[in-house]
Amino acid sequence: GAGVSQSPRYKVAKRGQDVALRCDPISGHVSLFWYQQALGQGPEFLTYFQNEAQLDKSGLPSDRFFAERPEGSVSTLKIQRTQQEDSAVYLCASSLEAGDWYGYTFGSGTRLTVV
Amino acid sequence: KQEVTQIPAALSVPEGENLVLNCSFTDSAIYNLQWFRQDPGKGLTSLLLIQSSQREQTSGRLNASLDKSSGRSTLYIAASQPGDSATYLCAVRSSASKIIFGSGTRLSIRP
Numbered sequence: 002g003a004g005v006s007q008s009p010r011y012k013v014a015k016r017g018q019d020v021a022l023r024c025d026p027i028s029g030h031v032s033l034f035w036y037q038q039a040l041g042q043g044p045e046f047l048t049y050f051q052n053e054a055q056l057d058k059s060g061l062p063s064d065r066f067f068a069e070r071p072e073g074s075v076s077t078l079k080i081q082r083t084q085q086e087d088s089a090v091y092l093c094a095s096s097l098e099a100g101d102w103y104g105y106t107f108g109s110g111t112r113l114t115v116v
Numbered sequence: 012k013q014e015v016t017q018i019p020a021a022l023s024v025p026e027g028e029n030l031v032l033n034c035s036f037t038d039s040a041i042y043n044l045q046w047f048r049q050d051p052g053k054g055l056t057s058l059l060l061i062q063s064s065q066r067e068q069t070s071g072r073l074n075a076s077l078d079k080s081s082g083r084s085t086l087y088i089a090a091s092q093p094g095d096s097a098t099y100l101c102a103v104r105s106s107a108s109k110i111i112f113g114s115g116t117r118l119s120i121r122p
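Line order of the protein sequences matches chains A and B.
Just so it is clear: in the first sequence, position 17 is 18 by our numbering, and no numbers are missing.
Just so it is clear: in the second sequence, position 105 is 116 by our numbering, and no numbers are missing.
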């Protein structure tokens, strides 16, 4: 597609519920990233994929967070047993290659509210 | 560990003024630096990307500079307009797998 697409745009979850957030990167983009942005803060790195391989998951805040990209295109970020501190905007970005020359293109994000 | 700081956190200026937003980073071993714009409730729009070997990039009324040795970048906006009101984020790529963001500068242009 023309840009990075994320769904849903908004998600309200009850505490303890599991959620799944979807990211469709730009077609042909090798690298895919997930970021978490709390209100009034800059985005914080969660995890990185190069094709289907998850090369860096150092930013995932707990084992309740899980991400996958099984066919090297669409990615899903799953949060189990959601808690109020998980409320944030979750941003997905993709980059054409893994090299340092390329910048990132971001989606519009999924705003998660845990009540 | 790379840390990125943006000053000021918020800025309000009258329409037509030229202005400068500042970004500093602690580790000068970077691949590139990217300036983004974020409108309320929206994702990030890339404005300018400066490679580590470059000193500046220009796009329309925007000019971004990079001084790796001092760990600084500036975003210059000429002849500001109310439509420029947004949060501006600076992001540094110091590894292949991630970029580190500052907290942003919330810019308000008064008509």
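Glycine included, every Cβ here is placed at the ideal spot set by N, Cα and C.
The structure displayed is predicted, hence computed values, not measured ones.
Quick check on residue 25 of chain B: does DSSP put it in helix, strand or coil? strand
Mind listing, in chain order, the continuous beta strand (DSSP E) runs of no fewer than 3 residues lying wholly within the stretch 38-87 of chain B? 43-49, 55-62, 67-70, 73-78
Opposing strand residues paired with residue 49 of chain A [DSSP bridges]: A:34, A:57
Name, please, each residue of chain A whose Cβ falls closer than 9 Å to the Cβ of residue 112 of chain B. 36, 38, 42, 43, 44, 45, 46
Which two residues bound the contiguous beta strand (DSSP E) that contains residue 98 of chain B? 97-106
Since residue 96 of chain B and residue 44 of chain B should fall inside the 8 Å C-beta cutoff, what is the C-beta to C-beta distance between them, to a whole number of angstroms? The pair is not a contact, with the Cβ atoms about 23 Å apart (cut-off 8 Å).
Residue 73 of chain A: contacting residues in chain B (beta-carbon distance under 7 Å): Those do not exist, as residue 73 of chain A stays about 16 Å from chain B at its closest Cβ, beyond 7 Å.
Should residue 92 of chain B be flagged as near chain A, meaning a C-beta pair shorter than 8 Å? no
Thinking C-beta only, is residue 106 of chain A closer than 8 Å to residue 57 of chain B? yes
What are the residues that DSSP puts in a beta bridge with residue 110 of chain B? B:104
Short Cβ contact (8 Å threshold) for residue 86 of chain B with residue 47 of chain B: no
Please classify residue 69 of chain A: does DSSP put it in a helix, a strand, or coil? strand
Opposite residue 7 of chain A in the DSSP bridges: which residues? A:24
Would you call the stretch 46-59 of chain A and the stretch 68-75 of chain A touching, i.e. three or more CB-CB distances under 8 Å? yes
Contact with chain A by residue 43 of chain B, beta-carbon distance below 8 Å: yes
Bridge-paired residues (DSSP) for residue 12 of chain B: None; residue 12 of chain B has no bridge partner.
Is residue 22 of chain B close to chain A? Criterion is C-beta to C-beta, closer than 8 Å. no
Should residue 85 of chain A go down as buried or exposed, given a rule of 16 or more other Cβ atoms within 10 Å for buried? exposed
Just checking, does the stretch 73-83 of chain A make contact with the stretch 12-24 of chain A on the three C-beta pairs under 8 Å criterion? yes
Give me, in chain order, the residues of the same chain whose beta-carbon lies closer than 7 Å to that of residue 76 of chain B; leave out the 5 immediate sequence neighbours on both sides. 66, 67, 84, 85
For a quick check, are the C-beta atoms of residue 26 of chain B and residue 117 of chain B less than 8 Å apart? no
Considering only their Cβ atoms, is the gap separating residue 33 of chain B from residue 18 of chain B smaller than 8 Å? yes
Amino acids of chain B, ordered along the chain, whose beta-carbon sits closer than 9 Å to that of residue 67 of chain A: Residues of chain B passing the Cβ test: none, with the nearest at roughly 18 Å.
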